[in-house]
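Participant: Just passing along the structure, written as structure tokens.
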Amino acid sequence: MLKDFITIRDLTKEDILHLINQGIGRKNNHIVQPHNKKKIASLFFENSTRTRVSSEAAATNLGYEIIGFSGTEGTSVKKGEPLLDTARMFEGYGAQAIIMRHNLAGAARFVGDNISVPVINAGDGSNGHPTQTMLDLMTIYQKHRSLDGLKIAFVGDLKYGRTVHSLLQAFELFDSEVTLVAPPTLSMPKWRIEQYQEKSGKKIVYANSLEEVIPHMDVLYITRIQRERFPAGAEGDIEFKKVSGRFVLEAKMLKEAKEKLSILHPLPRDKNSIEIHPDVDNTPYAAYFTQAQNGMYMREAIIHSLLHQELKGKVQNRSNSEDLFKDMKVENGQKMGEKLVYRLDTGILIDHLKAGSASHISTLLKLDKIKDKEVVICSNIRSNKLGRKDVLAIHNTHLTPDQLYKVSLLSPEHTINYIENKRVIKKGRTYLPKILKGHLICKNERCISRKEHKEYCKETFIVESQHPLKVHCHYCELMMKGDEIEIDN
Ligand code: NCD
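The opening residue of the sequence shown carries number 65 in my numbering; numbering runs sequentially from there.
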């Protein structure tokens, strides 16, 4: 069962449909429960109107009392309190769940992993906004009676807009077509598109203007340019000026729209650079106010379903017990060459390393710290298999697979020979565990696991594939592969 509500990726299609049904049911037959003498914490480290108020109204309607804060002004966050300390206090005061919004990506995941009560992500930086996605889906479903067979365009700030990131994840599970319309500097991150296409087997469609897409769409999902996520100072101002006002929807543009078109917006719209002119509000297409109202019913559904363990969640194959070492056949146990070149009678020979990688691997394995053992690093030597290769010979020691697997980060095609009295007694290759704690640095500067944010959140990555190496950050969901991967020595 799902403990926390952190990302759409954790939900099954059945969970999504269950929540939509619950949300619609609650809207049609709304019941306000008497106070149940229990509390829910609402911790909003970032600005919010709709998400906070509708979440708090939802929890109150379910009978809970709200404790918490709206904005960090007046809290100990201003004194430098670490995020986990703040969250733990509210757990200690008896909160049955924590609903939180934070400016760092992965913040809700980090808290959820470290406290025992359920955590609901009400927006984590520009990463995700899964409760918003659920109310978006409820609105679309109510209007179109299905989430399949639709054409939907995401318009605006697709780079920093967390609502569209989560919504894109949701549409992996449904048979609808997504079109992206954004200024080039605010386009959907490439890795998100790749993930969507890979997981759904569908292709993304691109367009340059609203006019181009309007006649074909069932849903237009317009977003605000997220000014607050641009770089600070003059650089950000210039970037913002280039894109603000780029896509403005006006009523007169809707002449060729399909009759059933619905226009959604997570709101707020920005009056200083309005993206939906108010003359659209009175057209039959405008669904954004209904969408915002649906937020309360959907959040009731989410809080109730999570606390009553009604959400299954995807089964994550994340056990750490998998084999880190796979045996290979020992064909010729007599390692004469090795004996001559490395003089390795007993120890470990790490062979077939990518040329130029041995000294980095030696540092990664902390071999430079082994003072009493002889370590031989051979660089750029001839190899029948690889042309050139590096080799590491470690004398009189037998490191275990969990001490060796890091070799795979830099040289996945290596071989390891355990040598005893000049004979190879075991040969094989190491593999990375499914979950990598440490070792890599998340490339997203706004990820909670980055050291500069001082939240003491250990970098954690899920290994999606080893050849070629592909991982995603457990916290901010960023996918990194091949050369993008930065190793933390
Ligand atoms: C969105 C958010 O905070 O990500 N708003 C919301 O929750 N309704 C979108 C936005 O701020 O533009």
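The beta-carbon is built from N, C-alpha and C at its ideal position, and this holds for glycine as well.
Measure the C-alpha to C-alpha separation of residue 115 and residue 359 and round it to an integer number of angstroms.
Facilitator: Near 7 Å, if we compare the C-alpha coordinates of residue 359 and residue 115.
Participant: If contact is defined by three or more beta carbon pairs under 8 Å, each pair taking one atom from either stretch, is the segment 412-425 in contact with the segment 455-474?
Facilitator: With the cut-off at 8 Å, the segment 455-474 and the segment 412-425 touch.
Participant: Counting C-beta neighbours from all protein chains within 10 Å, is the total for residue 372 16 or more, i.e. buried, or is it exposed?
Facilitator: Residue 372 should be labelled exposed.
Participant: By the three-class DSSP mapping on this structure, what secondary structure does residue 162 have?
Facilitator: Strand.
Participant: Closest by CA to residue 201, which one among 311, 87 and 267?
Facilitator: It is 87 whose Cα lies nearest to the Cα of residue 201.
Participant: Among the candidates 244, 267, 253 and 368, whose CA atom is the shortest distance from the CA of residue 84?
Facilitator: If we check each option's Cα against that of residue 84, 368 comes out closest.
Participant: Kindly indicate which three-state DSSP category residue 207 falls into: helix, strand or coil?
Facilitator: Residue 207: helix per DSSP, three-state reduction.
Participant: Might you give, ordered along the chain, the residues of its own chain that have their beta carbon closer than 7 Å to the beta carbon of residue 441, omitting 5 neighbours on each side?
Facilitator: Correct list, in chain order: 422, 423, 426 and 456.
Participant: Output yes or no for whether 7 Å exceeds the beta carbon distance between residue 283 and residue 230.
Facilitator: The answer is no: Cβ separation not under 7 Å.
Participant: So, for residue 288: in the same chain, excluding its five sequence neighbours on each side, which residues have a beta-carbon less than 7 Å away from its beta-carbon?
Facilitator: If we look at residue 288 and ignore the five residues flanking it on each side, its Cβ neighbours are 220, 221, 332, 333, 334 and 339.
Participant: Closer than 7 Å from C-beta to any heavy atom of the ligand NCD: which residues, in chain order?
Facilitator: Residues with a Cβ closer than 7 Å to any heavy atom of the ligand NCD, in chain order: 112, 114, 115, 187, 193, 196, 225, 226, 227, 287, 288, 290, 330, 331 and 332.
Participant: Quick check on residue 132: does DSSP put it in helix, strand or coil?
Facilitator: Strand.
Participant: Excluding the five sequence neighbours on either side, which residues of its own chain have a C-beta within less than 8 Å of the C-beta of residue 328, listed in chain order?
Facilitator: Result list for residue 328: 200, 203, 204, 283, 284, 285, 286, 351, 352 and 355, in chain order.
Participant: With H, G and I counted as helix, E and B as strand and the rest as coil, what does DSSP make of residue 82?
Facilitator: Reduced to three states, the DSSP call for residue 82 is helix.
Participant: Using only CA atoms, which one of 227, 120, 107 and 113 lies nearest to residue 171?
Facilitator: That would be 107, whose Cα lies nearest to the Cα of residue 171.
Participant: Please report the Cβ distance between residue 245 and residue 274, rounded to the nearest whole angstrom; I am assuming they are in contact, meaning their Cβ atoms lie under 8 Å.
Facilitator: Indeed, because the Cβ distance is near 7 Å, the residues count as touching under 8 Å.
Participant: Between which two residues does the beta strand (DSSP E) containing residue 454 stretch?
Facilitator: Residues 451-459.
Participant: Where do the ends of the beta strand (DSSP E) carrying residue 391 lie?
Facilitator: That run of the beta strand (DSSP E) goes 389-392.
Participant: Could you pull the start and end residues of the alpha helix (DSSP H) that residue 103 belongs to?
Facilitator: Careful: residue 103 lies outside any alpha helix (DSSP H), inside the beta strand (DSSP E) at 103-108.
Participant: Based on the DSSP output, what are the partners of residue 529 in its beta bridges?
Facilitator: In the DSSP output, where bridge partners are listed per residue, residue 529 has 534.
Participant: Quick one: grab the DSSP three-state call for residue 353.
Facilitator: Residue state, collapsed to three classes: helix.
Participant: Relative to the C-alpha of residue 268, which residue among 512, 278 and 253 is closest?
Facilitator: For residue 268, the nearest C-alpha among the options comes from 253.
Participant: Just the Cα atoms here: how many angstroms apart are residue 520 and residue 370?
Facilitator: Going by the C-alpha atoms only, they are around 28 Å apart.
Participant: Leaving aside the five residues before and after residue 100 along the sequence, list all residues of the same chain whose C-beta is less than 7 Å from its C-beta, in chain order.
Facilitator: Here the set comprises 127 and 128.
Participant: Is residue 491 helix, strand or coil when you go by DSSP?
Facilitator: In this structure, residue 491 counts as strand in the three-state DSSP scheme.
Participant: For residue 250, which of 228, 406, 342 and 242 has the nearest alpha-carbon?
Facilitator: Cα-wise, what sits closest to residue 250 is 228.
Participant: What does residue 474 pair with, by DSSP beta-bridge criteria?
Facilitator: DSSP output for residue 474 lists no bridge partner at all.
Participant: Measuring CA to CA, which of 453, 474 and 75 is closest to residue 553?
Facilitator: Looking at the Cα atoms, 474 is the closest of the given residues.
Participant: When the Cα atoms are used, what is the spatial distance from residue 113 to residue 186?
Facilitator: Going from the Cα of residue 113 to the Cα of residue 186 covers about 12 Å.
Participant: In this structure, does DSSP put residue 274 in helix, strand or coil?
Facilitator: It is helical.
Participant: For residue 534, collect the residues of the same chain with a Cβ closer than 6 Å to its Cβ; drop the 5 residues on either side in sequence, then sort them by chain order.
Facilitator: Here the set comprises 528 and 545.
Participant: Who pairs with residue 518 in a beta bridge, going by DSSP?
Facilitator: For residue 518, which the question treats as bridged, DSSP gives no partner whatsoever.
Participant: Using the DSSP secondary-structure output, state which residues sit across from residue 441 in a beta bridge.
Facilitator: For residue 441, which the question treats as bridged, DSSP gives the partners 456.
Participant: Using alpha carbons as the reference points, say which of 429, 277, 446 and 72 lies closest to residue 439.
Facilitator: Looking at the Cα atoms, 429 is the closest of the given residues.
Participant: Please list the terminal residues of the continuous beta strand (DSSP E) segment that includes residue 500.
Facilitator: Start and end: 499-501.
Participant: For the putative contact between residue 531 and residue 476, defined by C-beta atoms under 8 Å, what is the C-beta separation to the nearest angstrom?
Facilitator: Indeed they touch by this definition, with Cβ atoms about 6 Å apart.
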